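The block underneath contains the structure these notes are about, expressed in structure tokens.
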Amino acid sequence: MKTLVLVFHPSLKGQSHVNAALAEAAEGMENVTVRDEYALYPDGKIDVKAEQAAVEAADRVVFQFPLYWFSSPALLKTWEDDVLEHGWAYGSEGHAFEGKEFGVAVSTGSPESKYQPEGDNKFKIEQVLVPFQGTANHINATWIKPFVTFGSFGISDEALAESVKNYKDYLTK
Ligand SMILES: Cc1cc2nc3c(=O)[nH]c(=O)nc-3n(C[C@H](O)[C@H](O)[C@H](O)COP(=O)(O)O)c2cc1C
């Protein structure tokens, strides 16, 4: 299975700790293609045809990003708005994602204990990620379980190594 990982981090090669480690691990994998979207489009202007071609060549698409304000970094929203065109991704002629798996790999600052009904954030991470699941449904992709790295602030080397290992398994499955 060919997997396309679209990474949306404003500073993947600079300030990122968690997503940089995950992306680096993914880059070294067979049958996995990684695209650093902020590096490709520093002016925010997405090459729609290039992105659509990358999706078409894959069997599984994963959006990888740090959670920003219970959502994604802004370029991911622009990517969805621009690339998921009517007649390509949805609508009677839009079948680009049919038969493909679609998921997200997200890192959070808060620990998992805060992503509980009784925790500070009140919602479980699956609830926070519902807009992505809804998008998967709308484009007729097969939604796969999200990959989550909780508690990125001050994450230990051991915990990050564990997450990297689990991410490789996630992308291999
Ligand atoms: C603008 C901004 C908004 C953020 N919003 C959230 C949030 O809503 N929930 C959360 O758990 N962490 C939040 N964080 C923390 C990031 O998710 C965390 O720093 C990131 O996952 C770490 O990954 P990195 O090492 O690849 O940068 C936010 C960080 C920034 C810069």
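Numbered per the UniProt record's numbering, the sequence shown spans residues 1 to 173.
In this text, a Cβ means the ideal position worked out from N, Cα and C, and glycines have one as well.
None of these values were measured; they are calculated from a predicted model.
- DSSP places Ser107 outside any alpha helix (DSSP H); the residue lies instead in the beta strand (DSSP E), whose first and last residues are Glu101 to Ser107.
- CA-CA distance, Lys145 to Val104, rounds to 8 Å.
- Note that the C-beta distance between Leu75 and Phe8 is below 8 Å.
- Looking from the CA of Ala39, the closest CA among Val130, Ala96, Trp88 and Leu6 belongs to Leu6.
- Gln64 is bridged by DSSP to Val7 and Ala105.
- Those residues that bring their Cβ nearer than 5 Å to a heavy atom of ligand 1 are Ser16, His17, Val18, Asn19, Pro66, Leu67, Tyr68, Trp69, Phe70, Ser107, Thr108, Gly109, Ser110 and Ser152.
- Per DSSP, Tyr38 has no beta-bridge partner at all.
- In this structure, DSSP gives Ser110 a state outside helix and strand, which the three-state scheme calls coil.
- DSSP, read as helix, strand or coil, puts His17 in coil.
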